[in-house]
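The structure appears below as structure tokens.
Numbering (the working numbering), first residue to last: 28 to 298.
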């Protein structure tokens with residue numbers, strides 16, 4: 028028993044000596060760990076990047092190529108969990124057989140004079156009708172689900188408000204997540220577009236600058252009876268493939284309903 032007691036006493040003295048030597052450094056390490064900031068969430072990185080690349084950017088002006096790639100890189104990494112979404116949420120449920128498209132839910136994350144961040148939640152068969160983004164650069168990230176996108180650019184610049192304009196098809200295809208972020212520019216990339224939910228889906232949108240007025244909605248008309256003399260076509264007679272007339276609508280379609288929902292993902296810290 029005495030041997031065991033001597034051993035215990037010796038170990039106690041050694042531990043006490045070690046604590047006297049290492050105690051201050053151990054306390055400093057614990058203090059550093061306690062005071063070190065948590066890693067920012069992806070949605071916070073998204074906000075920080077938007078604030079940097081859209082700083083001083085006016086309507087109709089595209090951020091620098093390096094800035095565009097930085098923001099695209101952040102969005103490409105994002106998934107539903109990064110913004111508190113899952114497919115079981117009521118926004119994405121089926122509304123059964125109805126004559127009208129089901130409502131779209133919009134989740135607002137942030138908006139300032141330079142940019143806005145939000146999420147469109149579409150149940151199956153929901154439609155965001157053909158509309159434009161005047162003067163904006165738009166980043167769209169499909170977070171989950173499948174969506175059909177049809178988009179257009181003007182062939183010869185936007186027409187007067189009362190007249191239809193000739194446009195070319197930029198995109199007419201379905202996309203399924205995970206997929207890369209799409210970018211629409213003020214005058215290129217399919218600034219006029221329509222979304223149709225093939226399945227329930229969610230789209231994270233960044234707009235720079237945000238909407239200041241309501242967007243314009245359009246009807247798509249067949250491109251018929253256009254002669255080769257039309258300067259906008261500059262093509263052989265009868266070649267109308269990939270071209271349509273877009274006619275401005277007087278107002279938003281009555282069957283397009285957007286309701287607001289509460290964003291429940293990680294919060295954005297604005298300093």
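Glycine included, each C-beta is placed from N, C-alpha and C at the ideal position.
Query raised in the report: For residue 167, which beta-bridge partners are listed by DSSP?
Result: According to DSSP, which records beta bridges pairwise, residue 167 is partnered with 209, 232.
Requested in this report: Keeping to the same chain, check which residues put their C-beta closer than 8 Å to that of residue 297; ignore five residues upstream and five downstream.
Outcome: Shown here for residue 297: same chain residues with a beta carbon closer than 8 Å to its own, the five before and five after excluded, namely 74, 137 in chain order.
Query raised in the report: What's the call for residue 238, buried or exposed, on a 16-neighbour Cβ count within 10 Å?
Result: Flag for residue 238 reads exposed.
Query raised in the report: By how many angstroms is the C-alpha of residue 189 removed from the C-alpha of residue 115?
Result: The alpha-carbon separation between residue 115 and residue 189 amounts to approximately 44 Å.
Report task. Answer yes or no: do residue 179 and residue 219 have a C-beta to C-beta separation smaller than 7 Å? Result -> Annotated as proximal: residue 179 and residue 219, with beta-carbon spacing under 7 Å.
Query raised in the report: Alpha carbon to alpha carbon, what distance is there between residue 187 and residue 113?
Result: One Cα belongs to residue 113, the other to residue 187, and the distance between them is close to 43 Å.
Query raised in the report: Sorted by chain position, which residues of the same chain lie with C-beta nearer than 7 Å to residue 225's C-beta, five sequence neighbours on each side aside?
Result: Cβ neighbours of residue 225 beyond the five flanking positions: 173, 174, 175, 201.
Query - residue 294, DSSP secondary structure in three states - result: Of the three classes helix, strand and coil, the one that applies to residue 294 here is coil, per DSSP.
**Report entry** Own chain partners of residue 280 with C-beta closer than 8 Å, once the 5 adjacent residues on each side are dropped
**Finding:** Within the same chain, residue 280 has close Cβ partners 156, 244.
Query raised in the report: Should residue 234 and residue 170 be called a contact, given that it needs their Cβ atoms to be closer than 7 Å?
Result: No; because the gap between Cβ atoms is not below 7 Å, this pair is not in contact.
Report task. Using the DSSP secondary-structure output, state which residues sit across from residue 174 in a beta bridge. Result -> Per DSSP, the beta-bridge partners of residue 174 are 202, 224.
Query - Assigned secondary structure, residue 148 (DSSP; H/G/I helix, E/B strand, else coil) - result: Annotated three-state conformation of residue 148 is strand, per DSSP.
**Report entry** Residue interval of the alpha helix (DSSP H) (run including residue 99)
**Finding:** 92 to 103 is the span of the alpha helix (DSSP H), which, as asked, contains residue 99.
Report task. Apply the 10 Å Cβ neighbour rule to residue 91 and answer buried if 16 or more other Cβ atoms are within range, or exposed otherwise. Result -> Burial call: exposed.
Requested in this report: Compute the beta-carbon to beta-carbon distance between residue 147 and residue 210, rounded to the nearest angstrom, for a pair I have assumed lies under 8 Å.
Outcome: Not quite, the Cβ-Cβ distance comes to about 16 Å (not below 8 Å), so this is no contact.
Query raised in the report: Between which two residues does the beta strand (DSSP E) carrying residue 157 extend?
Result: In the DSSP annotation of this structure, the continuous segment of the beta strand (DSSP E) that includes residue 157 starts and ends at 154 to 158.
**Report entry** Residue environment, residue 163, which counts as buried when at least 16 other CB atoms sit within 10 Å
**Finding:** Buried, since its Cβ has 16 or more Cβ neighbours within 10 Å.
**Report entry** Closest Cα partner of residue 126 within the set 82, 154, 191
**Finding:** The residue with the shortest Cα to Cα distance from residue 126 is 154.
Query raised in the report: Does the beta-carbon distance from residue 68 to residue 288 come in below 7 Å?
Result: For residue 68 and residue 288, no; Cβs fall outside 7 Å.
Query raised in the report: Hey, quick one: how far does the beta strand (DSSP E) through residue 247 stretch, first residue to last?
Result: Per DSSP, residue 247 belongs to the beta strand (DSSP E) from 245 to 248.
Query raised in the report: Should residue 215 be labelled buried (16 or more other beta-carbon atoms within 10 Å of its own) or exposed?
Result: Exposed.
Query raised in the report: Got a sec? Which residues, its chain only, sit under 7 Å from residue 274 by beta carbon, not counting five neighbours each side?
Result: If we look at residue 274 and ignore the five residues flanking it on each side, its Cβ neighbours are 191, 245, 246, 248.
Query raised in the report: Taking the beta strand (DSSP E) that residue 273 falls in, what are its first and last residues?
Result: For residue 273, the enclosing beta strand (DSSP E) stretches over residues 270 to 275.
**Report entry** Host alpha helix (DSSP H) of residue 76 (start-end)
**Finding:** Per DSSP, residue 76 belongs to the alpha helix (DSSP H) from 69 to 80.
Report task. Taking all protein chains shown into account, decide if residue 160 is buried (16 or more other Cβ within 10 angstroms of its Cβ) or exposed. Result -> Residue 160 should be labelled buried.
Report task. Go ahead and pull the three-state DSSP assignment for residue 109. Result -> In the structure shown, residue 109 falls within a helical segment according to DSSP collapsed to helix, strand and coil.
**Report entry** Cβ-based neighbour list, residue 87, same chain, cut-off 6 Å, excluding 5 preceding and 5 following
**Finding:** Counting only Cβ-Cβ distances below 6 Å, and skipping sequence neighbours, we find 162, 213.
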